Amino acid sequence: MIRFGPSGNSDSFYEQGFKSSVQMPAWLKKMGLSAYEYQCSKGVNIGRETAAQIGEQAALNDIFVSIHAPYYINMASEEEAKRNGSKSYILETMQAARWMGAKRIVVHTGSCSKVDRKWALKTAMDVLKETIGEADASGFSDISICPEVLGKINQLGTLDEILEMCTLDERLIPTVDFGHLHARGLGCLNSVEDFEKIADRIENVLGYARLKYLHVHFSRIEFTSGGEKKHWTISDTQYGPEFDHLAEVLYKRKMEPV
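Going by the working numbering, 258 is the number at position 245 of the sequence shown; the sequence numbering is gapless.
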């Protein structure tokens, strides 16, 4: 089945008087949703007890949980200390995922604004490979790392770069943010055929299984010549892309993404 849900806690959750992420799974179920991406974007600050409580509530309410790792991960940094720090942040996120029962973590790859893109990609892949080894040694082999397509042109994270990173290990699942793709392509997703081409590319590189169970982010997006500027909601129709175009591809290809 396709799993739909938010990244983080929505304003409406708090407006209805709820305060704790532990309450999110039950709230999401009442909303007819079935997925929840817990945010560690500003650091992995959640404790074991709270994470376990979220996981228990998610299991009770049939909510698929993933975690977004810290935004400041940069596996392509020129500085070794920052690359090593990035590995640590990923492993810390995986530990939180273990406590929470999450099977996927979403990871930013980093910036390549100051370095050659080829060097950045090779460096990031080396760091990711080392991280996978350390994750396996730590008992996290069943948790998938999901590198994300990023929206700014100076970021490492084109679709092809993310797919190449995911060839390192069959457990790696791309996080395809279609808003980011649209932004860094300066408005490239305008038809069902445009989305079909993306699906074709993913399947050709990684195979149907990883296409079928893709990790997806979707929102409308505002962009400039440098790519992503601001995410907008589905109701902000002055911006693209159109979810209906993606939905048709998901249906035709029998995909079951989160």
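No residue lacks a Cβ here, since even glycine has one placed at the ideal position from N, Cα and C.
Everything numeric in this text was worked out from a predicted model, so none of it was measured.
Could I get the ranges of all uninterrupted alpha helix (DSSP H) runs contained in the segment 194-234, with 4 residues as the minimum, in chain order? Runs of the alpha helix (DSSP H) inside the segment 194-234: 205-219, 221-225.
Whose C-beta lies closer than 6 Å to the C-beta of Gly114 among residues of the same chain, with five residues either side of it excluded?
Gly68
Can you tell me whether Asp190 is helix, strand or coil according to DSSP? If DSSP states are grouped into helix, strand and coil, Asp190 belongs with the strands.
Exercise. For the alpha helix (DSSP H) holding Arg184, just list the boundary residues, first then last.
Key: Where Arg184 is concerned, there is no enclosing alpha helix (DSSP H), given that its DSSP letter is neither H nor E.
Open item on the list: Per the DSSP calculation, Val119 is bridged to which residue(s)?
Closed with: His81, Cys159
| said: On a Cα-Cα basis, can you pick out the residue from Asp249, Pro19, Ile59 that is closest to Met37? | reply: Pro19
- [ ] Drop a sphere of 10 angstroms on the beta-carbon of Asp173, count the other beta-carbons inside from all chains shown, and report buried for 16 or more, exposed for fewer.
- [x] With fewer than 16 Cβ atoms within 10 Å of its Cβ, Asp173 is classed as exposed.
- Item | Best match in Gly220, Arg61, Ser204 for proximity to Asp182 [C-alpha to C-alpha] | Gly220
Residue from Phe208, Gln108, Lys165 whose Cα sits closest to the Cα of Glu147:
Out of Phe208, Gln108, Lys165, Gln108 has the C-alpha closest to the C-alpha of Glu147.
Query raised in the report: What does Gly170 pair with, by DSSP beta-bridge criteria?
Result: For Gly170, DSSP records no beta bridge to any residue.
May I ask you to report which of helix, strand or coil DSSP gives Tyr27? helix
Subject >> Three or more C-beta pairs below 8 Å linking the segment 78-92 and the segment 126-134 >> reply: Proximity of the segment 78-92 to the segment 126-134 meets the contact definition, three or more beta-carbon pairs being nearer than 8 Å.
Work out the CA separation of Glu105 and Asp149 for me, nearest whole Å. 13 Å
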